[in-house]
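**Q** Could you have a look at this structure, given as structure tokens, before my questions?
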Amino acid sequence: MTFKQKLANIIRKNNSLLCIGLDPDLDKIPKHILKKKNPIFEFNKKIIDETSDLVCCYKTQFAFYASHGIPGIKALIRTIKYIHLKHPSIPVILDAKRGDIGSTATQYAKEVFDVYLADAVTVNPFLGFDSLKPFLERKDKGIIILARTSNPGAGDFQDLIINKKPLYIKVAEKVTVWNEIYKNCLMVVGATWPEQLRKVRKIAPEMFFLIPGIGAQGGDLEKTLQVGLTKNKSGLIISSSREIIFSANPRLEALKLIEEINKYR
Ligand code: OMP
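For the sequence shown, my numbering assigns the number 1 to the initial residue and increments by one for each residue that follows.
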């Protein structure tokens with residue numbers, strides 16, 4: 001089954017567009033979990049067990065694991081394997097933002113899909129088509145291409161005008177062309193930029209977008225949904241990490257967010 005089919009099925013089953021970001025920052029993990037032998041995995045497992053009926057996917061951010069060396073990487077692999085084993089219908093995105101020359105990208109694609117067993121990956125298109133081709137060729141996987149990122153400096157380069165259009169629009173147009181060939185593309189558009197999201201939605205009316213920036217980054221959920229949902233009231237993966245996973249009651253936070261999202265669907 002492809003990532004897109006898996007995603008469509010779980011959205012229907014859980015009636016949810018919510019993605020929980022598993023970004024286990026050791027400075028924020030509760031003390032009683034820190035004392036355990038594998039604190040990162042145990043922290044993730046608790047969140048997963050509490051929310052598996054509420055999400056359309058989980059997203060693991062690579063840096064929160066790799067920054068702890070081999071134990072961190074082992075925790076990443078264990079987390080993804082745990083989701084596949086206990087909740088095989090829930091896809092896992094590895095947020096790795098890869099992007100390098102073709103020969104290196106080939107190795108990166110093996111890393112994310114064959115070692116970490118991710119269902120989808122975030123990639124940075126700055127190096128152009130050949131840097132993404134090894135990912136795109138994995139047709140059963142989801143390839144999530146940065147178009148308009150959520151951070152304050154997003155416009156530094158993404159707004160630069162190229163042939164009368166901002167770069168992020170050029171990227172979005174290119175992604176729709178690649179998607180016609182490979183059928184497995186998604187885009188990242190931050191919830192902090194609803195106006196830009198509206199424009200990208202026009203370019204790709206049916207494509208799934210990964211939407212970070214809700215919660216800790218202050219993105220506007222209502223506007224995001226108003227301008228970002230597809231005609232069939234889907235097409236968005238609304239991702240939130242810190243606001244949910246470090247709250248006193250992650251399940252309750254997730255439920256609140258789903259309720260908010262589903263008001264507009
Ligand atoms: P919270 O702000 O805690 O919800 O975390 C946001 C998550 O989304 C982090 O893992 C970021 O690395 C990731 N992210 C962004 O915040 N902005 C982007 O433009 C893209 C991503 C991403 O690709 O997931």
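Backbone N, C-alpha and C define an ideal beta-carbon position, used for all residues, glycine too.
Is the region 24 to 43 close to the region 221 to 240, with three or more CB pairs under 8 Å?
**A** no
**Q** Assuming PRO270 contacts PHE64 under a Cβ cut-off of 8 Å, what Cβ separation, rounded to an integer in Å, is found between them?
**A** Summary: the structure shown does not reach residue 270, with the chain confined to residues 1 through 265, and so no result is reported for it.
**Q** Would LYS183 pass as a contact of LYS139 if the rule is Cβ separation under 8 Å?
**A** Taking the sequence shown and counting its residues from 1, the one referred to as residue 183 is at position 183. Taking the sequence shown and counting its residues from 1, the one referred to as residue 139 is at position 139. Closer than 8 Å, so yes.
**Q** Note down, in chain order, each residue of its chain lying with its Cβ closer than 7 Å to the Cβ of LYS28, except the 5 sequence neighbours on either side.
**A** If you number the sequence shown from 1, residue 28 lands on position 28. Counting only Cβ-Cβ distances below 7 Å, and skipping sequence neighbours, we find PHE246.
**Q** Is the closest heavy atom of the ligand OMP to the C-beta of LYS28 under 7 Å?
**A** For the purposes of this step, residue 28 is taken as residue 28 along the sequence shown, with counting starting at 1. Every heavy atom of the ligand OMP is 7 Å or more from the Cβ of LYS28, so no.
**Q** Are PRO205 and THR230 touching if we call contact CB-CB under 8 Å?
**A** For the purposes of this step, residue 205 is identified with residue 205 of the sequence shown, where counting begins at 1. For the purposes of this step, residue 230 is identified with residue 230 of the sequence shown, where counting begins at 1. Closer than 8 Å, so yes.
**Q** Examine the ligand OMP and report whether any of its heavy atoms sits within less than 7 Å of the Cβ of ALA216.
**A** For the purposes of this step, residue 216 is identified with residue 216 of the sequence shown, where counting begins at 1. Flag set: Cβ of ALA216 near the ligand OMP.
**Q** Tell me the residue span of the beta strand (DSSP E) that contains THR224.
**A** Taking the sequence shown and counting its residues from 1, one reaches residue 224 at position 224. Where THR224 is concerned, there is no enclosing beta strand (DSSP E), although the alpha helix (DSSP H) it sits in stretches over 221 to 228.
**Q** Name the DSSP beta bridge partners of ILE145, please?
**A** In the sequence shown, residue 145 corresponds to position 145, counting from 1. Note: ILE145 sits in a beta bridge opposite VAL123, MET187.
**Q** Return the first residue and the last residue of the alpha helix (DSSP H) that PHE41 is part of.
**A** Indexing the sequence shown from 1 puts residue 41 at position 41. Note, PHE41: alpha helix (DSSP H), 39 to 51.
**Q** Could you tell me how far apart the beta carbons of LEU127 and ASP100 are, in whole angstroms, since I believe they sit closer than 8 Å?
**A** Numbered from its first residue, the sequence shown carries residue 127 at position 127. Numbered from its first residue, the sequence shown carries residue 100 at position 100. Yes, LEU127 and ASP100 are in contact; Cβ-Cβ is about 6 Å, under 8 Å.
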